[in-house]
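A short worksheet on the structure shown next.
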Amino acid sequence: MTEVVWHRTEHGHVGETAVALGVFDGVHIGHQTLIRDAVEAAHDEGLSCCVVTFDRDPDQVVTPRRAAPQLTTLEDKLALIAELGPDVVLVVPFDSTLAAVSPESFIDDVLMRMLTPRIVIVGEDFRFGARAAGDVSTLRACGVRDGFEVIAHELVMRDGAPVTSTRIRGLVAAGDVASAAALLGRPHRLSGVVVGGRSRGRRLGAPTANLSFDDRMALPGPGVYAARVRHGTDAYRAAVSIGLPPTFTDATSRFEAHLLDFDGDLYGAALVVEFIERIGEHRRYASEDQLALAISDFVAQVRRHVGL
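So, in structure tokens, the structure goes:
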């Protein structure tokens, strides 16, 4: 079982390790390959495997106004990393003090304080230290000083381009959640809490759960999506509307999910929405009858696209 350790708040020393180091937002197929290689290297060399990551995207501290929307919450990221089999995940709180240290001090403070790294694996585009001044060559110089080997992992390629969190965020923003899922290795998902709405969907024969979510997360572009919604241990097919529907000019909810074959009260419930396919655009309908017909068509598409 993978142990999660918080840097500077936990006592003890992790010991000799093969380290996978990175932000790992999304834990996409490139991250997965890198972490699995670290697990394998640790096994081959008789070491523990430690994944070192941060409690937030460093850009949220360094350039908060330009910070990218996130593909995973910290909780989700840690769970996805744990599934890959490392012995330890070391979570480093990223703050303004850490953002200001030199690359060499970054290695001293982040790696050497709680680990004895023997192998450090990073993506070939890894940057670290104040103003992102450190790169793989800087890390290798630190390895010579501190006694660890550095392996620069080539970026995984798909369709002629590298798999990166930035690329996946662009696909999500464009509504291409199917392509995003191919690069993530699973559907893009968001967690939210059901809040009160205007009950228009119930009047149209398709009651919806209005979700409130963390606005730092990567939200798919406006449209209608076939999705899978998880409520505890139960899963439901769902038609999800993102954006303000133009038919109702006074609408305020940006995120509504109609769960197929569900009958009950979800107010206050925590839901996880997994996006499978974008199935339509928002448009203005001349009447509620026309809108109800469109909803019926979306529901039929959801049944075709989404398995349980």
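Count along the sequence shown from 1, then add 8; that gives the number in my numbering. For glycine and all other residues, C-beta sits at the position ideal for the given N, C-alpha and C. Since the structure is predicted, the reported quantities are computational estimates derived from the model, not experimental observations.
> In the DSSP assignment, what residue or residues form a beta bridge with G131?
Replying inline: H161
> Out of curiosity, what's the CA-to-CA distance linking P230 and V185?
Replying inline: 12 Å
> Of the choices Q78, D305 and S187, whose alpha-carbon is the least far from that of D167?
Replying inline: S187
>> Tell me the DSSP secondary structure of A226 in three-state form.
In response: coil
>> Whole angstroms are fine: how far does the CA of R74 sit from the CA of F283?
In response: 25 Å
> For the alpha helix (DSSP H) that L106 lies in, which residues bound it at each end?
Replying inline: S104 to A107
> Three or more beta-carbon pairs under 8 Å between the region 86-105 and the region 54-73, yes or no?
Replying inline: yes
> Who are the near neighbours of A26 in its chain, counting only those whose CB is closer than 6 Å to its CB and skipping five residues on each side?
Replying inline: A46, A49, A50, L55, C57 and I127
>> Using 8 Å as the threshold, is the C-beta distance between F114 and P66 below it?
In response: no
> Who are the Cβ neighbours of I159 in its own chain at under 6 Å, not counting the five residues just before and after it?
Replying inline: I129
> Taking the runs of the beta strand (DSSP E) that are 3 residues or longer, which of them lie wholly in the region 274-305?
Replying inline: 278-288
>> Once DSSP output is grouped into helix, strand and coil, what is the label at T41?
In response: helix
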